[in-house]
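Student:
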Amino acid sequence: MPQNSITEPKVSMRDIHFSRGNRVIFDGVNVDIYPGKITAIMGPSGTGKTTLLRLMTGLLKPDSGDIFVNGENIKDYSEAQLNHMRRGMGMLFQSGALFTDMSVFDNVAFALREHTDLPESMIHDVVLMKLEAVGLRGARDLMPRELSGGMNRRVALARSIALDPDIILYDEPFAGQDPITMGMLVKLIRLLNDTLGLTSVIVSHDISETSEIADYIYLLSDGKVVAQGTSEEMRASTSAHADQFMHGKADGPVPFHYAAPDYYQDLMRINEE
Amino acid sequence: MGFLGSLGRHILKFIQALGFSSVFLFQALLTKPRLKSFHLLLKQFYVVGVLSLPIIIFAGFFVGMVLGLQGYTVLVKYGAESALGQMIALTLVRELGPVLGGLLFAGRACSALTAEIALLKTTEQLDSLRLLGVDPLHRVIAPRLWAGFFCLPMLVLIFNAVAIYGGYWISVDWLGIDGGSFWSSMQSSVDFRQDIINGVIKSIVFAIAVTWIAVYQGYVASPTSEGIGYATTRTVVYSSLVILALDFILTAVMFTGLK
Numbered sequence: 084m085p086q087n088s089i090t091e092p093k094v095s096m097r098d099i100h101f102s103r104g105n106r107v108i109f110d111g112v113n114v115d116i117y118p119g120k121i122t123a124i125m126g127p128s129g130t131g132k133t134t135l136l137r138l139m140t141g142l143l144k145p146d147s148g149d150i151f152v153n154g155e156n157i158k159d160y161s162e163a164q165l166n167h168m169r170r171g172m173g174m175l176f177q178s179g180a181l182f183t184d185m186s187v188f189d190n191v192a193f194a195l196r197e198h199t200d201l202p203e204s205m206i207h208d209v210v211l212m213k214l215e216a217v218g219l220r221g222a223r224d225l226m227p228r229e230l231s232g233g234m235n236r237r238v239a240l241a242r243s244i245a246l247d248p249d250i251i252l253y254d255e256p257f258a259g260q261d262p263i264t265m266g267m268l269v270k271l272i273r274l275l276n277d278t279l280g281l282t283s284v285i286v287s288h289d290i291s292e293t294s295e296i297a298d299y300i301y302l303l304s305d306g307k308v309v310a311q312g313t314s315e316e317m318r319a320s321t322s323a324h325a326d327q328f329m330h331g332k333a334d335g336p337v338p339f340h341y342a343a344p345d346y347y348q349d350l351m352r353i354n355e356e
Numbered sequence: 004m005g006f007l008g009s010l011g012r013h014i015l016k017f018i019q020a021l022g023f024s025s026v027f028l029f030q031a032l033l034t035k036p037r038l039k040s041f042h043l044l045l046k047q048f049y050v051v052g053v054l055s056l057p058i059i060i061f062a063g064f065f066v067g068m069v070l071g072l073q074g075y076t077v078l079v080k081y082g083a084e085s086a087l088g089q090m091i092a093l094t095l096v097r098e099l100g101p102v103l104g105g106l107l108f109a110g111r112a113c114s115a116l117t118a119e120i121a122l123l124k125t126t127e128q129l130d131s132l133r134l135l136g137v138d139p140l141h142r143v144i145a146p147r148l149w150a151g152f153f154c155l156p157m158l159v160l161i162f163n164a165v166a167i168y169g170g171y172w173i174s175v176d177w178l179g180i181d182g183g184s185f186w187s188s189m190q191s192s193v194d195f196r197q198d199i200i201n202g203v204i205k206s207i208v209f210a211i212a213v214t215w216i217a218v219y220q221g222y223v224a225s226p227t228s229e230g231i232g233y234a235t236t237r238t239v240v241y242s243s244l245v246i247l248a249l250d251f252i253l254t255a256v257m258f259t260g261l262k
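Protein chains in written order, with the numbering used here: chain A, 84 to 356; chain B, 4 to 262.
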């Protein structure tokens, strides 16, 4: 058992198998997310990191294996039960996925209006508090198309914490952001996690930002967890996978070349017929 | 064997899609209506119905005028041009209104529905609804279905009315047919139950079919820019063909044996 085995994990994935068509994405993955911690799921692109988040939220169902959220197996949940469970989860999509037909204010207010009977004056205050937390109180009347990429992600973050979830999932929060926005997001994720007592999961391949804030790291490759540990442990790890990934080496267990026939034979068209 | 095998595969795939889309339809429609969601329905009535009005009115007027011109050249040979009103009205309420209205609706409103839903899917907005604990079938799909079901029959009635006025304008003001006989031949031959109600029933059937196709194609579109294009094309092609095929079946049931 990694980390503190006294506390129950908030989310626990046991022996997850998942494939798309003939392609095996997960081949027996075990991941535990502990409360109050920031857990990072890292790995080269195409290893199904985002798919893992989708499995955790029940947006996708595994071929086999069990997923426990707050100790309950979500395998046989109905869509209505899943929707109920998801109110306790926030997810920040890579694209932000703001509702493009609503203003920033309405985006953040959306879940409150859907799930609560709070009076509009109260919703107004809650929304402004959430927007203040991400520094965008002044942008409340803008439409999503008027926002920069970084602002878009911060609004999406405000929206995903509107219902005060206790788990928040970040899908590639740093991808394609400028250094200032990255720094801001790193600070925000840590701040939100610690002040609101959240449990955070970050899916990312940005090593420096992620290892800066992650309490625990899982490294995925070829459908399996190939290494895990705190960021210090990962950097010092002797595992070939961890070494290649954490130090950004072009070749290693994850090959530089996509599977191909022999180079010489290919060039000489030896196997063409 | 290869041919039979691939035929079988296609049929199985079709039946699977039919089953899945039926479940999809019922899940979307069988929901408790909520007062909170009423504004969503109103918005879709505007997008699907009101914004389709210009094309329906424009097309209706021209179809009516053409019917007047063509009908006149045939009827005048038999000295029966006073029956022009009857001919225009019956053609419209029984056939052309529902069919052309439906085809225009498929091209204008249904393609937009598919593209919009597919784009919501591509930009992960449907997933983010789910993650906020809201079922997109209720929030996104249901209002669009209801709006389509109600708007097309109303648009068809408007199409018919405008087309009859177009025909009247050509026949009476241009070709010089007596206005009184234009209206009275129409009044004496168009039966409310047989013709108008049957036409409305047709348009309701078309409305259900094409709106269902449109939202389903959007919902299952593959989330890429190419996928949105394919889905939109499929919506227009399938709904047009379905309208024509259903029209034949409905006409056979409703109007064969009528004098």
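Beta carbons are placed, not taken as given, at the ideal position from N, Cα and C, and that holds for glycine.
First and last residue of the alpha helix (DSSP H) that includes D208 of chain A?
Tutor: Along the first sequence, one-based indexing puts residue 208 of chain A at 125. Where D208 of chain A is concerned, the enclosing alpha helix (DSSP H) stretches over E203 to A216.
Student: Within the 7 Å Cβ cut-off, does K132 of chain A reach chain B?
Tutor: Position 49 of the first sequence holds residue 132 of chain A. It does not; no Cβ of chain B falls within 7 Å.
Student: Measuring straight from C-alpha to C-alpha, what distance separates A310 of chain A and L274 of chain A?
Tutor: For the purposes of this step, residue 310 of chain A is taken as residue 227 along the first sequence, with counting starting at 1. For the purposes of this step, residue 274 of chain A is taken as residue 191 along the first sequence, with counting starting at 1. Cα-Cα distance, rounded: 27 Å.
Student: Taking the alpha helix (DSSP H) that V223 of chain B belongs to, which residues open and close that run?
Tutor: Working through the second sequence from its first residue, we reach residue 223 of chain B at position 220. That run of the alpha helix (DSSP H) goes N201 to V223.
Student: Which of helix, strand or coil does DSSP assign to K124 of chain B?
Tutor: Mapped onto the second sequence, residue 124 of chain B falls at position 121. Helix.
Student: Assuming D254 of chain A and V286 of chain A form a contact by the criterion Cβ under 8 Å, report the distance between their Cβ atoms to the nearest whole angstrom.
Tutor: Counting from 1 along the first sequence, the entry for residue 254 of chain A is found at position 171. Counting from 1 along the first sequence, the entry for residue 286 of chain A is found at position 203. Between V286 of chain A and D254 of chain A the Cβ distance is about 5 Å, and since that is below 8 Å, they are a contact.
Student: Determine, using beta carbons only, whether A180 of chain A comes closer than 7 Å to chain B.
Tutor: Against the first sequence, residue 180 of chain A aligns to sequence position 97. Judged by the 7 Å Cβ criterion, A180 of chain A is in contact with chain B.
Student: Output needed for N87 of chain A: all residues of its chain with C-beta closer than 8 Å, excluding positions within five of it in sequence on either side, in chain order.
Tutor: What you label residue 87 of chain A is simply residue 4 of the first sequence in a count that begins at 1. Caution applies to N87 of chain A, whose pLDDT of 49 falls short of 50 and renders its modelled position unreliable; the model cannot decide the point.
Student: Is it buried or exposed, S304 of chain A, if we count other Cβ atoms within 10 angstroms and call 16 or more buried?
Tutor: In the first sequence, residue 304 of chain A corresponds to position 221, counting from 1. It is buried - the Cβ of S304 of chain A has at least 16 other Cβ atoms within 10 Å.
Student: Buried or exposed: where does W215 of chain B fall if 16 or more other Cβ atoms within 10 Å of its Cβ makes it buried?
Tutor: Locating residue 215 of chain B in the second sequence gives position 212, counting from the first residue. Flag for W215 of chain B reads buried.
Student: Residues of chain E with CB closer than 8 Å to the CB of M172 of chain A, please, in chain order.
Tutor: The question asks about chain E, but that chain is absent: this structure's protein chains are A and B.
Student: Roughly how far, in whole angstroms, is the beta-carbon of V114 of chain A from the beta-carbon of V308 of chain A, given that I think they are within contact range, below 8 Å?
Tutor: Start at 1 with the first residue of the first sequence, and residue 114 of chain A comes out as number 31. Start at 1 with the first residue of the first sequence, and residue 308 of chain A comes out as number 225. Their Cβ separation, rounded to whole angstroms, is 7 Å, which keeps V114 of chain A and V308 of chain A in contact under 8 Å.
Student: For chain A, check one thing: does any of its Cβ atoms lie closer than 7 Å to the Cβ of S40 of chain B?
Tutor: Taking the second sequence and counting its residues from 1, one reaches residue 40 of chain B at position 37. Not closer than 7 Å to any Cβ of chain A, the Cβ of S40 of chain B fails to qualify, so no.
Student: Using a Cβ-Cβ cut-off of 7 Å, state whether Q89 of chain B counts as contacting chain A.
Tutor: Residue mapping note: residue 89 of chain B aligns to position 86 of the second sequence, counting from 1. Interface residue (Cβ-Cβ distance to chain A less than 7 Å): Q89 of chain B is not classified as such.
Student: Check each residue of the stretch 191–217 of chain A: if its Cβ is closer than 9 Å to any Cβ of chain B, include it; give the result in chain order.
Tutor: F193, A194, R196, E197 and H198
Student: Going by DSSP, what residues sit across from S283 of chain A in a beta bridge?
Tutor: The sequence position of residue 283 of chain A within the first sequence is 200, counting from 1. A:I121 and A:I251.
Student: Does DSSP put Q180 of chain A in a helix, a strand or coil?
Tutor: The sequence position of residue 180 of chain A within the first sequence is 97, counting from 1. A quick correction: the sequence has Ala, not Gln, at residue 180 of chain A. When secondary structure is reduced to three states using DSSP, A180 of chain A falls in the coil class, being assigned neither helix nor strand.
Student: Who are the Cβ neighbours of I207 of chain B in its own chain at under 6 Å, not counting the five residues just before and after it?
Tutor: The residue given as residue 207 of chain B occupies position 204 in the second sequence. Once the five neighbours on either side are set aside, the close Cβ partners of I207 of chain B are P156.
Student: Can you tell me which residues form a DSSP beta bridge with V69 of chain B?
Tutor: In the second sequence, residue 69 of chain B corresponds to position 66, counting from 1. The secondary-structure analysis by DSSP pairs V69 of chain B with nothing; it has no beta-bridge partner.
Student: Apart from the five residues on each side of it in sequence, which residues of its chain come closer than 7 Å, Cβ to Cβ, to D49 of chain A?
Tutor: An answer regarding residue 49 of chain A cannot be provided, because it is not within the stretch 84 to 356 covered by chain A.
Student: For a cutoff of 7 Å on Cβ pairs, would you count H340 of chain A as touching chain B?
Tutor: Working through the first sequence from its first residue, we reach residue 340 of chain A at position 257. For H340 of chain A, the answer is no, since every Cβ of chain B falls outside 7 Å of its Cβ.
Student: Give a yes or no on whether the minimum CB-CB distance between N166 of chain A and chain B is below 7 Å.
Tutor: Your numbering for residue 166 of chain A matches position 83 in the first sequence. Yes, contact with chain B.
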